[in-house]
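Protein chains in written order, with the working numbering: chain H, 2 to 395; chain P, 249 to 775.
Working notes, beginning with the structure itself.
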Amino acid sequence: MLRGTPFHERTAPLCQAQNWRRWAGYLAASSYELTHDREYYAIRSAAALIDVSPLYKYVIRGSDAVRFLNRVLTRDVAGCDMHQVMYGPWCNEAGKVIDDGTLQRLGEESFRLTSAEPNLRWLCDNAFGLRVTIEDDSDTTAALALQGPTSREILNNVSDADLDSLKYFRLAFARAGNIPVTITRTGYTGDLGYEIWADAQQAIRLWDILMDGGRSYGITPSGIYALDVARVEAGLLLIGVDYIPANRALIEARKSSPFELGLGWAVRLEKGFVGQEALLEEWQRGPAWQFKGLELDWNSLEKVYAEFGLPPELPMIAWRTSVPVYAGAAQVGYATSGCWSPTLKKYIALAHLRSAHAERGTSVEMEVTVEHRRKKAAARVVDLPFFDPERKRS
Amino acid sequence: MAAEKRYDAVIIGGGHNGLVTAAYLARAGKRVLVLERRHLVGGSAVTEEIVPGFKFSALSYVVSLLRPEIIRDLELPRHGLELLPLESTMTPMPNGDYLVRWADHDLTRRELYRHSPRDAEAYDDFGKLMFHLAFAMKSILGIVPPNPTSLNPKDLLSLLKLGKHYLGLPAEQFYALCKLMTMSAADFLDEWFETEPLKATMSASGVIGTFLGVRSPGTAYVLLHHYMGEIDGVFRAWGFARGGTGAVSESIAAAAREFGVEVRTEATVAQVLAKNNRAVGVALDDGEEIHARVVVSGVDPKLTFLKMVDPQHLPTDFLHAIRRFKIRGSSGKVNLALGELPNFTCLPGVGPHLRGAISISPSLEYMERAYDDAKYGNFSRRPYMDIIIPSMIDPGMAPPGKHVMSIFVQWAPFELNGGWNDEQREAFGNAVVDTLAEFAPNLKNAIIHRHVVTPWDMQEEYGLTQGNIFHGELSLHQLFFMRPVHRWADYRTPLKHLYQCGSGTHPGGGITGASGRLAALNILKDW
Ligand SMILES: Cc1cc2nc3c(=O)[nH]c(=O)nc-3n(C[C@H](O)[C@H](O)[C@H](O)COP(=O)(O)OP(=O)(O)OC[C@H]3O[C@@H](n4cnc5c(N)ncnc54)[C@H](O)[C@@H]3O)c2cc1C
């Protein structure tokens, strides 16, 4: 039996659909209700409560903490303000991405780093000779994401934090009920939202406080199906789906650099970090691949299906397979995630494209399988994110 | 006098169709002005905060047929349109039981099975048939109706294509379509189902906006419309616009403005100006004249041709046909601000059933009796009601912990015995609340505010002649190439440079934008 998260006692009875999946060795609900629609819409129109405890979490302390993290992450950690949160990747010496996550500056010399895969060994190896301690508190820290337009009101109601003044990618220490929590204004949905970090011992009480306080604001426990659609709309990478961690890739071709993943903005080349040399070189020559959005052309899609007497059949659950992308007869890339966007009313996909075909507005074609046949539907290359509401930052 | 500004097009009425026409014209580079009588745009698709903190979708309340090509062309999601699903339909029954159709197929089947194992299976077969028919009919929603008596090759070609399309249907579907066109909703559903609350609830969509009962022939056809929204995969069944239906209009208006459209509210058009048998502009009720190359009317055909255009510009037979156009109002609306949620005796407590539609339609007989009252000039004493609780879907519609309820009511005849007045409005509101309270006894005490809209109010406040919600009844003889009248179903009118773009034209009422878009395309063709 896989492990339940610290919230399992509450989430298990809510999971009507009984469709659990694995997430880092924990049970995670794909959806709570029988269909995931409402859980998705909660993210965009009310508030979704998502158990994100399976994330790996490391607390890094010590007088060399900044030096250490600046050496590991591609971002400029020295420029990370107190109580700021930074998102970014980290790379191996060859400049290929190992993982990505958020870094919270909890204090002058203390940080919390989250990741999707276990990274303790990599972190420790890089800390050699530095005055830092790295503590894996993955199991002892529970985490919830509260995402959606009413999330701020809910947290204002149940905690003593002043959420109105908490800016995007900043954190606050607060109490919810009597429970000490860290609230970060972060999330994986591209919407207004927060993540709440607390001692796992307090998890059940925290869940109850949020659910009670959120009732009048449409709070809805939401699973991975809903989250996945939202993160595709937000153009956010999923490790193991949109890219393979460099230390797990069996062949060189499966590895990606930050530039190839659309994370060039998170690379600070002159500061000195693992992989810098390789990345500098890549930067000078220009990356071979880019990570972009595709918007499928509706008329073309309709035509492809009409050949078989069908209306377009749309993926309401995001797919996570590799789908070829063409320019004429030549394959110029592959899409790795895609779904029907209920908010944008568009069929969208995240794709790796050869740089020559990656410019915004470029016309390409994506493979779609209709009635067991491989067809191509026209698509347009767009910048990410697809969906970027003002409320996310305001 | 406004600075002598020349417009290419002036649109009468800022309903959603008028706004769609404006946006498409401006997108094609035209200078467009929209004139709206009220203080806000949207017409029948508006959100109004009648009590502070409580937002009412004052008239229309759900969206299903908004044309996907309009959503795409005008990029409405970018302009703020968000559609949320309305997933279930509950019909409370007088015996204390209920029938709910859920979003989940298995749940619905199990629920139907409880009432009738036969119906549980028939329901899937019925759904499949309707899907095929709707898929076949869908094409006519997107085309300008051809004139069947014209020898114009374009009309002939279009007719030929349609004919081929329908004759090409498999026999089972073709005959079903013939039945839909001729039968009553009740008879058609009787052929399929035996569960009364199921038949009654489904039959309602055949009579909404008409002055007909569920046993009146021809009402079966409109059932199809319910299935059309699903086909494009854009909406699942009926949806709710975040922020209320006004948000649909607001998003269209935002798109229109981005294309350069000017919108003036509190500007009432009194007259269409004409010279040499062509429309040349409009005059407002304060005498201001606004000139434009074309005038497009987004108000209903009666208002347009009987009130705004000088009869000397119109042929007698046309005027005659317009006068006979059936536009009898038959619906009312009651919006409630609630201190707490209704507690239904049949399914007590707060549950997912409160997030969907609630239909007061326990049996076909109930429906027909409700209509009987109206036939003889009374509002239904125990009316059919289609209810949603928007604040359960979008918490922003009411203050935290409080709620709004939207109740669409049929029948309420425009021609009420003794006429509509404040007293009758209250009596009508009471009939609605009393009937609903039979199923949810806490309702009366939960009401903070009651906003009752009668067909008379719809005419006086919202500019709908006789309070007809669709600018003319959606009955078969008033559809397609006969909407609003034969020969003039292509958005053109006998007065050159005057066009129509409202729900009184093909494909008719509902928040579809289809009339507005097709009108614009034809106007541009003539340019
Ligand atoms: C009670 C009710 C419930 C409904 N429910 C639904 C529903 O749930 N779902 C659905 O899809 N459809 C529904 N409908 C139908 C739908 O709302 C209408 O068919 C549609 O909104 C009509 O749009 P329109 O632009 O054609 O006309 P309108 O919205 O009627 O627009 C006409 C505009 O013209 C303005 N106007 C009138 N006179 C003048 C003048 N002299 N000068 C300037 N401006 C003028 C009006 O103020 C109005 O803004 C409902 C309608 C009603 C009334």
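The beta-carbon is built from N, C-alpha and C at its ideal position, and this holds for glycine as well.
Just to confirm, are residue i and residue j a CB contact at a threshold of 8 Å?
i, j, result
"A527/P", "L521/P", "yes"
"L156/H", "I180/H", "no"
"L407/P", "Y414/P", "no"
"P590/P", "F488/P", "no"
"L385/H", "K293/H", "yes"
"A95/H", "G276/H", "yes"
"A379/H", "S301/H", "yes"
"Y41/H", "P390/H", "no"
"V455/P", "Q658/P", "yes"
"M228/P", "I606/P", "With chain P covering 249 to 775 only, the question about residue 228/P has no answer from this structure."
"A43/H", "G149/H", "yes"
Please list the partners that residue i has in chain H, where partner means a Cβ-to-Cβ separation under 9 Å.
i, result
"I319/P", "K346"
"L355/P", "L35"
"P316/P", "W299, K346"
Starting from residue i, trace the beta strand (DSSP E) in both directions and tell me its first and last residue.
i, result
"H353/H", "347-355"
"D200/H", "194-200"
"Y244/H", "Careful: Y244/H lies outside any beta strand (DSSP E) and carries neither H nor E."
"N583/P", "579-586"
"Y469/P", "That residue, Y469/P, is in no beta strand (DSSP E); it is neither H nor E in DSSP."
"R349/P", "346-349"
"A531/P", "526-532"
"S139/H", "Per DSSP, S139/H belongs to no beta strand (DSSP E) and is neither H nor E."
In chain H, which residues lie less than 7 Å from residue i when you measure between Cβ atoms?
i, result
"G649/P", "S217"
"D352/P", "L35, T36"
"P325/P", "T344, L345, K346"
Compare the C-beta of residue i against all C-beta atoms of chain P and say whether one is closer than 8 Å.
i, result
"T402/H", "Here chain H comprises residues numbered 2 to 395, so residue 402/H is not present and cannot be evaluated."
"D38/H", "yes"
"Y42/H", "yes"
"P222/H", "no"
"T151/H", "yes"
"L385/H", "no"
Below 8 Å on the Cβ atoms is my contact criterion, and I expect residue i with residue j to pass it. Report the Cβ-Cβ distance as a whole number of Å.
i, j, result
"G494/P", "T753/P", "Actually they are not in contact, since the Cβ atoms of G494/P and T753/P sit about 23 Å apart, beyond 8 Å."
"Y710/P", "S453/P", "Contact doesn't hold; Cβ gap of about 22 Å is too wide."
"T141/H", "A201/H", "5 Å"
"Q748/P", "P549/P", "7 Å"
"L554/P", "R571/P", "7 Å"
"L239/H", "S338/H", "7 Å"
"S723/P", "G466/P", "6 Å"
"M706/P", "G625/P", "Contact doesn't hold; Cβ gap of about 18 Å is too wide."
Going along chain P, which residues have a C-beta under 7 Å from residue i?
i, result
"S46/H", "E330, L332, R490, D642"
Distance cutoff 8 Å, beta carbons only. Does residue i sit that close to anything in chain H?
i, result
"P732/P", "no"
"A368/P", "no"
"E335/P", "yes"
"A485/P", "For A485/P, the predicted model reports a pLDDT of 47, less than 50, meaning its position is unreliable and no value from the coordinates is stated."
"H754/P", "no"
"A495/P", "no"
If you follow the alpha helix (DSSP H) that residue i is in, where does it begin and where does it stop?
i, result
"A515/P", "Element bounds for A515/P: n/a, residue is neither H nor E."
"H413/P", "401-415"
"I210/H", "204-215"
"E278/H", "277-286"
"I225/H", "225-234"
"W775/P", "Careful: W775/P lies outside any alpha helix (DSSP H) and carries neither H nor E."
"G644/P", "Careful: G644/P lies outside any alpha helix (DSSP H) and carries neither H nor E."
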